[in-house]
Structure formats: structure tokens, C-alpha cells
Amino acid sequence: MRINVLQHTPNEGPGMIEDWANTHGFDLYVYHPYQFGHLPSAAQTDMLVILGGPMSPNDDLPWISQERQLIKELLTQNKPLFGVCFGAQQITKTLGYPVTKAPAKEVGWAPVYRQTTTVRGIPLKANVLHWHEEMFEIPAHAELLFSSDWVRNQGFVLNHRVIGLQFHLEPRRNNVREMMVNDYPYLIGSVIHQTAQEIVDYPIPRQNRQMLFQLLDYINS
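Our numbering applies: residue 174 is where the sequence shown begins, and numbers increase by one.
Given below as C-alpha cells:
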């Protein structure tokens, strides 16, 4: 299986999604449309991962619109889609739903709470990495998957083939360090009130890797 990953900033890569792909023996290709302007075709894609980034789906950039065209084709073909932060927002925007300012800016480690048992084995509560100030709406026929203390719409699952998360499960320890040293000014205004050092020092919960793998397995089953 060929997994195409759309990466939108140097410091937010696939992380443990790559581990999942390697575990299954899948081929993983990483595209950087914000820099090179290239995207895979739907025919080249067995599964699409759309990662986070500092931009908004509301920005008027040609590659953002081109991404949504690819997402639309893959939705029509019922191929697996996994969106993280900006990536999840891109999916909902493609489906015709707005992306708006969230009730609170969340940057740092804080809990999310499971809202459905559709994906089996997901814990009731998980401490995850947040890095956002916008949010998506839950599409029609999708289920609310996670909520946090400040932002209700933290995740959704649609048609057994699409999952979008507003937060991050994928970063390894070094990925968190990379995000922090390059984007630490983004902490200003966060309701979580953690310092850069506190975020870097926070031990990544082992269950986050398990959750990520379960979610990815679900949309590929």
C-alpha cells in the first residue's frame, strides 16, 4: 500500500505515523506542497495523511485549494484519509464546513476525552499535544470522536474511512523538541499555560502511540 503524506511545515512531520507504516510494510511518501507545489494524484494514493501547519484552510493559497481537490477525489473513491490539525480542517472544509476561531487557543499537553466507542480500544481520557487556535465543525454523518476541556470538536470519524484530529498523537520526543525550538512564540496566549521547557520535558504517554495505531488500523480495516 502507498501512503502519501502531505507535510506543511518543516517541524511537523509524520513522526509515529511512519512507525505505523513501517510496522505494516507500507510504502510512505512525504510531499511538501507549501515549498515545492507538488501533490500526488488520486491514482497514486492508497491512503492520504494530511498533517498540521501554521497556515489556515481559509488562506488564499493555490496549493491549499489543490489539496482539497485531491481530498475530494479520495473521498469519492472511499480511500482512507487521516487528518491532523490543519489536515483535519482541510477535510472538513472540503466537505463544505467552516473552519473558525476556537473558543480558546490550546498549546501544550492537556487531556482529551473519548466521545464514542466506534473505534474500539480507545481510552476514555488521553493527554495529548495541542497546537492550534482554530477548529473544524463536525461534518454531517460523522461522529464526534474526542473533546477537550476548552474545545468540543477535537476529533471525528466518518464512514469508517476518515478520521480527523485537532490535536497531535504523532510526535516523538525529538519531534516535540523540533516544534518547540522553532515555534515557541506560539505559546503566547495559550489557555494551557505551560512553558516551553514543560512541554519539552513532558513524557509522551505510551498509550498515545497505541491510540494512533488503533485509529490508523481502523480506517484501513
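Backbone N, C-alpha and C fix where the C-beta goes; we use that ideal spot for every residue, glycine too.
Because the structure is a prediction, the values reported are computed rather than measured.
Give the secondary structure of residue 185 by DSSP, where H, G and I count as helix, E and B as strand, and everything else as coil. For the purposes of this step, residue 185 is taken as the residue at position 12 of the sequence shown. Residue state, collapsed to three classes: coil.
Residue of 303, 263, 363, 232 minimising C-alpha distance to residue 377: Numbered from its first residue, the sequence shown carries residue 377 at position 204. If we check each option's Cα against that of residue 377, 303 comes out closest.
Alpha carbon to alpha carbon, how far is residue 205 from residue 314? As a first step, residue 205 must be located in the sequence shown, where it is residue number 32. As a first step, residue 314 must be located in the sequence shown, where it is residue number 141. Between residue 205 and residue 314, the C-alpha separation is close to 31 Å.
Rounded to a whole number of angstroms, what is the C-alpha to C-alpha distance between residue 389 and residue 324? Along the sequence shown, one-based indexing puts residue 389 at 216. Along the sequence shown, one-based indexing puts residue 324 at 151. Their backbone Cα atoms lie some 23 Å apart in a straight line.
Nearest-angstrom Cα distance between residue 293 and residue 374? For the purposes of this step, residue 293 is taken as the residue at position 120 of the sequence shown. For the purposes of this step, residue 374 is taken as the residue at position 201 of the sequence shown. If I take the Cα positions, the gap works out to 30 Å.
For residue 350, collect the residues of the same chain with a Cβ closer than 6 Å to its Cβ; drop the 5 residues on either side in sequence, then sort them by chain order. Numbered from 1 along the sequence shown, position 177 holds the residue referred to as residue 350. If we look at residue 350 and ignore the five residues flanking it on each side, its Cβ neighbours are 373.
Which residue marks the beginning of the beta strand (DSSP E) containing residue 204, and which one marks its end? As a working mapping, residue 204 is identified with position 31 in the sequence shown. It spans 200-204 - the beta strand (DSSP E) in which residue 204 sits, taken as one unbroken run.
Would you mind stating whether residue 270 and residue 236 have Cβ atoms separated by less than 8 Å? What you label residue 270 is simply residue 97 of the sequence shown in a count that begins at 1. What you label residue 236 is simply residue 63 of the sequence shown in a count that begins at 1. In this structure, residue 236 does not lie closer than 8 Å to residue 270 by Cβ.
If contacts are defined as beta-carbon pairs under 8 Å, then residue 320 and residue 285 qualify, I think. What distance do you get, rounded to the angstrom? Your numbering for residue 320 matches position 147 in the sequence shown. Your numbering for residue 285 matches position 112 in the sequence shown. Their Cβ separation, rounded to whole angstroms, is 7 Å, which keeps residue 320 and residue 285 in contact under 8 Å.
Starting from residue 337, follow its DSSP beta bridges and name the residues at the other end. Working through the sequence shown from its first residue, we reach residue 337 at position 164. The partner list for residue 337 (beta bridge, DSSP) reads 256, 329.
Who pairs with residue 245 in a beta bridge, going by DSSP? Within the sequence shown, residue 245 is the residue found at index 72, counting from 1. Paired residues: none, contrary to the question.
Which same chain residues, not among the five before or five after residue 352, have their C-beta less than 6 Å away from its C-beta? One-based indexing of the sequence shown puts residue 352 at position 179. Answer for residue 352: 184, listed in chain order.
Alpha carbon to alpha carbon, how far is residue 246 from residue 253? Give it in angstroms, no decimals. Taking the sequence shown and counting its residues from 1, one reaches residue 253 at position 80. Taking the sequence shown and counting its residues from 1, one reaches residue 246 at position 73. Cα to Cα, the separation comes out at about 12 Å.
Starting from residue 369, trace the alpha helix (DSSP H) in both directions and tell me its first and last residue. Taking the first residue of the sequence shown as 1, we reach residue 369 at position 196. First-last of the alpha helix (DSSP H) with residue 369: 369-374.
Can you tell me where the beta strand (DSSP E) with residue 391 in it begins and where it stops? As a working mapping, residue 391 is identified with position 218 in the sequence shown. Taken as a continuous stretch (DSSP letters only), residue 391 belongs to no beta strand (DSSP E), being part of the alpha helix (DSSP H) at 379-392.
Check the DSSP bridge columns for residue 266 and list the partner residues they point to. Here the question's residue 266 lines up with position 93 in the sequence shown. BP columns for residue 266 are empty, so no partner.
Could you please give me the residues that DSSP links to residue 177 through a beta bridge? Taking the first residue of the sequence shown as position 1, residue 177 is located at position 4. Paired residues: 202, 221.
Going by C-alpha distance, which of 385, 355, 329, 309 is nearest residue 341? Here residue 341 refers to the residue found at position 168 when the sequence shown is read from its first residue. Looking at the Cα atoms, 385 is the closest of the given residues.
Can you give the beta carbon distance from residue 181 to residue 224, rounded, assuming they're within the 8 Å contact cut? The residue given as residue 181 occupies position 8 in the sequence shown. The residue given as residue 224 occupies position 51 in the sequence shown. 6 Å between Cβ atoms; contact.
Return helix, strand or coil for residue 308, following the three-state DSSP convention. Position 135 of the sequence shown holds residue 308. Note: residue 308 maps to strand in three-state DSSP.
Roughly how far, in whole angstroms, is the beta-carbon of residue 326 from the beta-carbon of residue 339, given that I think they are within contact range, below 8 Å? Here residue 326 corresponds to residue number 153 of the sequence shown, with the count starting at 1. Here residue 339 corresponds to residue number 166 of the sequence shown, with the count starting at 1. Sure, about 7 Å apart at Cβ, within 8 Å.
Among 308, 335, 305, whose alpha-carbon lies nearest the alpha-carbon of residue 316? As a working mapping, residue 316 is identified with position 143 in the sequence shown. Nearest C-alpha to residue 316: 335.
Residue burial classification, residue 346 (beta-carbon count within 10 angstroms, cutoff 16): For the purposes of this step, residue 346 is taken as the residue at position 173 of the sequence shown. The residue is exposed, with fewer than 16 neighbouring Cβ atoms inside 10 Å.
What three-state label does DSSP hand residue 300 in the structure shown? Counting from 1 along the sequence shown, the entry for residue 300 is found at position 127. In the structure shown, residue 300 sits in a strand (DSSP, three-state: E or B).
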